[in-house]
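Shown next, in structure tokens, is the structure this report addresses.
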Amino acid sequence: MSLSSEDASLCERCKLLSFDDLAIGGQKVVDEDGSLRLSFKDTKTEVRPEYDEGYQDLHDYTLIRVGWLLDDILPDMPNLSHSSQLGCAFCSALHRELKEELVQDMRYYTIHDGPLTLIVYLSLVEKGVEGLLVEGTFNQEKGRYGVVQTFFPIEAAPRTDPAFDNCEKWIGAEPARETSYLGPKNISEMRRLLESCTKSCHPWEPSSFLPTRLIDIGIDSSAVPRLIFSSDIRQCEQAKYAALSYCWGTAEDAKTQFKTERGSLERRYENLPYELMTSAINDTIALTRAIGLRYVWVDAICIVQDDTDDWLRDSSQMNLVYRHAFVAFCGLNSNSCHESLLQRAPTIKVLFQSNIRQNINGHYLVRLRPRSGDWVDRKRLDYWCKWRERAWTFQEEELYSRLLLFGSSKMHFHCGTSEWSEGQDNITRSHSSKTLDHITGINQSKMSASNLYDTWLFRVHDYCGRSLTLEKDRLPAISGLACMIW
Ligand SMILES: [Zn+2]
Ligand SMILES: [Zn+2]
1 MSLSSEDASL
11 CERCKLLSFD
21 DLAIGGQKVV
31 DEDGSLRLSF
41 KDTKTEVRPE
51 YDEGYQDLHD
61 YTLIRVGWLL
71 DDILPDMPNL
81 SHSSQLGCAF
91 CSALHRELKE
101 ELVQDMRYYT
111 IHDGPLTLIV
121 YLSLVEKGVE
131 GLLVEGTFNQ
141 EKGRYGVVQT
151 FFPIEAAPRT
161 DPAFDNCEKW
171 IGAEPARETS
181 YLGPKNISEM
191 RRLLESCTKS
201 CHPWEPSSFL
211 PTRLIDIGID
221 SSAVPRLIFS
231 SDIRQCEQAK
241 YAALSYCWGT
251 AEDAKTQFKT
261 ERGSLERRYE
271 NLPYELMTSA
281 INDTIALTRA
291 IGLRYVWVDA
301 ICIVQDDTDD
311 WLRDSSQMNL
321 VYRHAFVAFC
331 GLNSNSCHES
341 LLQRAPTIKV
351 LFQSNIRQNI
361 NGHYLVRLRP
371 RSGDWVDRKR
381 LDYWCKWRER
391 AWTFQEEELY
401 SRLLLFGSSK
411 MHFHCGTSEW
421 SEGQDNITRS
431 HSSKTLDHIT
441 GINQSKMSAS
451 NLYDTWLFRV
461 HDYCGRSLTL
471 EKDRLPAISG
481 LACMIW
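Read in UniProt numbering, the sequence shown has 162 at position 162, and its numbers run on one by one without any break.
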């Protein structure tokens, strides 16, 4: 095992994340293009414990222990907390993630205080090393045990780094992501995905519906955005607009949100100064510009917040706003209007030295805080993210035409029948998962009225667990969808 003192941000235990490819059962295989790659295909080393055996063939990944094990105590996990206080970046991220995960789980069942055993597994997919799965097991009632999991993706070292090495190909990790979602690679992906959707699955259909007001960002980057009346746009039905789906945050965040009120309405028609707008809104304008649209809808600016008539009229047609938006942007991991939508989680550098091929050495990256952001990874973990915990986003998720989602590690695209996540070569086509599509397609589908009713109940159950800044919004936030269904 190769360890170096450079890796000072990791505790002794976490240095085991720099896994020994030989010791854990790896072997050399020749790839189609003649290059050599690490494989664990016939590994005899310890894989995940037997309690999961029944489900093993449902997975498209293999989990191998890397030797990292920690016995701790619930609920506070003092051992993890101690090593995080001593400065281990991985222990610190893990401690925070597990605490959040356990709080989520406590909404569904009781978690008793007591021993917790944590184990790190290397998660392998066909292409190679995918990430680290951390699993904690603890005693539950009547001899049953509970499980808590979190996942940290592995990326190769960035190619722009002078220390770029030969590990990427050997371990088969996905390439390092661009720091900002507004990097050239991400922008061209966004454009490609939207184009592919409008060409192959959801052709753009001009609609006579436009929200009452929109933000006009102008036609070039020097233009100053301003609020407009949609009825002032010539050829209204040709106007494509984007929409923002996000969380305002706490009552305090909501107070300091940049918004339109009766007293500021006239000024908003003149201009919207970047320096006064909150991070989420500035990011939305930048994204709109990046994908080549001119108009965007943001509730805080387009609805006059202290005008009851305005608010009631526009919030009741929110379902139409999202349904007719060309695309909606969602910051999966952002918790407040003051947080950027476009911030990826930080990474830690883990050194790597192959013991199968001595000339392979360098490092790879472990992306921290990924769980809460990785929407499409729900097949892997019971996923939760801040955006999905909010009541308002429930109908937005059901109604959108196209969604671009920005997680803490990856960008995702979803349009009901196509799904894509960063790092994936091709778009995945599937049947629509939206309740509304099941309903409109009920005559063609095999879904009976009682199945449909069960689906609706299930969705309402999901909705009831979501949080709201203002409890009075509980019915308005689902009424748009209900109107379209019943
Ligand atoms: Zn550590
Ligand atoms: Zn589509």
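Each residue gets a CB set at the ideal place from its N, CA and C atoms; glycine is no exception. Predicted, not measured: the structure shown is a model, and the values here were computed from it.
Which partner residues does residue i have in the DSSP bridge list?
i: residue 363; result: 351
i: residue 153; result: 131
i: residue 418; result: 429
i: residue 174; result: 155
i: residue 39; result: 27
I need the straight-line Cα distance from residue i to residue j, nearest angstrom please.
i: residue 217; j: residue 234; result: 16 angstroms
i: residue 453; j: residue 399; result: 18 angstroms
i: residue 118; j: residue 109; result: 20 angstroms
i: residue 261; j: residue 273; result: 15 angstroms
i: residue 305; j: residue 410; result: 33 angstroms
i: residue 189; j: residue 80; result: 39 angstroms
i: residue 202; j: residue 127; result: 31 angstroms
i: residue 148; j: residue 136; result: 5 angstroms
i: residue 338; j: residue 96; result: 21 angstroms
i: residue 325; j: residue 198; result: 13 angstroms
i: residue 357; j: residue 24; result: 14 angstroms
i: residue 404; j: residue 16; result: 36 angstroms
i: residue 287; j: residue 145; result: 45 angstroms
i: residue 143; j: residue 116; result: 14 angstroms
i: residue 503; j: residue 63; result: A query on residue 503 cannot be resolved here, the shown segment of the chain reaching from 1 to 486 and no further.
i: residue 225; j: residue 267; result: 12 angstroms
i: residue 84; j: residue 14; result: 11 angstroms
i: residue 123; j: residue 19; result: 12 angstroms
i: residue 333; j: residue 300; result: 19 angstroms
i: residue 289; j: residue 35; result: 41 angstroms
i: residue 413; j: residue 130; result: 20 angstroms
i: residue 244; j: residue 285; result: 10 angstroms
i: residue 53; j: residue 65; result: Confidence at residue 53 is low in this model, with a pLDDT of 45, below 50, so the placement of that residue is unreliable and no value is reported for it.
i: residue 361; j: residue 352; result: 5 angstroms
i: residue 377; j: residue 330; result: Below a pLDDT of 50, predicted positions are generally treated as unreliable, and residue 377, at 45, falls in that range; no measurement from the model is reported.
Throw me the rounded Cβ distance for the residue i and residue j pair, which I believe falls under 8 angstroms.
i: residue 355; j: residue 21; result: 6 angstroms
i: residue 241; j: residue 296; result: 6 angstroms
i: residue 156; j: residue 175; result: 5 angstroms
i: residue 364; j: residue 215; result: 41 angstroms between Cβ atoms; not a contact.
i: residue 177; j: residue 344; result: 6 angstroms
i: residue 368; j: residue 152; result: 6 angstroms
i: residue 40; j: residue 348; result: That pair is no contact at about 23 angstroms.
i: residue 75; j: residue 33; result: About 50 angstroms; that fails the 8 angstroms criterion.
i: residue 429; j: residue 421; result: About 14 angstroms separates the two Cβ atoms, so there is no contact after all.
Taking the continuous alpha helix (DSSP H) assigned at residue i, which residues delimit it?
i: residue 321; result: 318 to 324
i: residue 95; result: 89 to 105
i: residue 276; result: That residue, residue 276, is in no alpha helix (DSSP H); it is neither H nor E in DSSP.
i: residue 190; result: 184 to 196
Can you give me the start and stop residues for the beta strand (DSSP E) that residue i sits inside?
i: residue 27; result: 27 to 30
i: residue 117; result: 114 to 125
i: residue 210; result: No beta strand (DSSP E) contains residue 210, which DSSP labels as neither H nor E.
i: residue 245; result: 241 to 245
i: residue 299; result: Taken as a continuous stretch (DSSP letters only), residue 299 belongs to no beta strand (DSSP E), being part of the alpha helix (DSSP H) at 299 to 302.
i: residue 63; result: 62 to 74
i: residue 403; result: 403 to 406
Original post:
Are three or more beta carbon pairs between the segment 248 to 264 and the segment 312 to 323 nearer than 8 angstroms?
Top reply: no
Original post:
Would you say the segment 319 to 326 touches the segment 277 to 290, given that touching needs at least three Cβ pairs under 8 angstroms?
Top reply: no
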